[in-house]
Every structure is written in structure tokens, then in C-alpha cells.
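Residue numbers (my numbering): 239 to 388.
Taking it in order: structure first as C-alpha cells, then the write-up.
Written out as C-alpha cells, the structure reads:
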């Protein structure tokens, strides 16, 4: 199969899926009414930040898939994406920040494990996940603060 068609598939699933979930589970009045920590970024940051991160996630997954499609790193990549896609419906849809905290903590663990596993396969793919891991660490802290304050 043409490797660029595979890359397009990764973009479609990752960027398309992430954007679709973002549109379906937009923050509403419930979220606006929550007490948020002082370090909470403005809402307009999240869309652009996640779009860039989804591009990095797609490219990282594609690079590992090109080299070792059946690897443990690919399995962890898929788990991380599933957890990522689950967080918004749990937090915004179900309005369960405490359950979302468990999801984002597992996501943080998965991103770190992916970096470790991918490093031996493709160091660039592992490095592409570093901004994602940093953002998820921040999101975990933010989610924990929202749980504590509410």
C-alpha cells in the first residue's frame, strides 16, 4: 500500500476523530459554571493546541507503523488514542471530572510508555510524543484542580 495513503489514514483517524469529538462535546454552561484554577488557559487555546498535537500523534503513529506495525508501541499508541478520545465525552458529556481524571491519568501513563517503546523503533516518533506528554501532564494537573475546586 502506498505509504502516503497510510499517512492520510492516520491523519483521518487522529485529526478527524479528535476534531469530531471536540465538536460533539463542546464545553457548555456546565463547564462555564465550574470553578477553575488560576492557571486555566483561555478556552480558545485548546482547539489550536489539540489540532497541532493530533498532527504530531498521527505522524508518530505512522512512523512506528511503517517500521513495526504489530509492535507493542503501536498497541500502546492505539490505547492512548482511545483514552484521548474518551476523555471529552467523560468530562464534558457525562460531566464527570473525577472519572475523567482517571482517564487522563491513564492517558499520561500511555504517552510515557509509548515514548519508551517507540524510542528503539524510531526516535523521531518518540520525540514527536514529548509535546503530547507535556500537554497531557498539564491537562492531568488541570483536571485534578477542577476536581479539587468543585
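All C-beta atoms, glycine included, are put in the ideal place defined by N, C-alpha and C.
Since the structure is predicted, the reported quantities are computational estimates derived from the model, not experimental observations.
Residue i - DSSP class collapsed to helix/strand/coil
{"i": "residue 308", "result": "coil"}
{"i": "residue 253", "result": "helix"}
{"i": "residue 294", "result": "helix"}
{"i": "residue 388", "result": "coil"}
{"i": "residue 277", "result": "coil"}
{"i": "residue 337", "result": "helix"}
Exposure of residue i, with buried meaning 16 or more beta-carbon neighbours within 10 Å
{"i": "residue 264", "result": "exposed"}
{"i": "residue 252", "result": "buried"}
{"i": "residue 387", "result": "exposed"}
{"i": "residue 339", "result": "buried"}
{"i": "residue 243", "result": "exposed"}
Span separating the alpha-carbon of residue i from that of residue j
{"i": "residue 278", "j": "residue 383", "result": "9 Å"}
{"i": "residue 349", "j": "residue 321", "result": "10 Å"}
{"i": "residue 305", "j": "residue 317", "result": "19 Å"}
{"i": "residue 375", "j": "residue 347", "result": "9 Å"}
{"i": "residue 274", "j": "residue 380", "result": "8 Å"}
{"i": "residue 314", "j": "residue 366", "result": "15 Å"}
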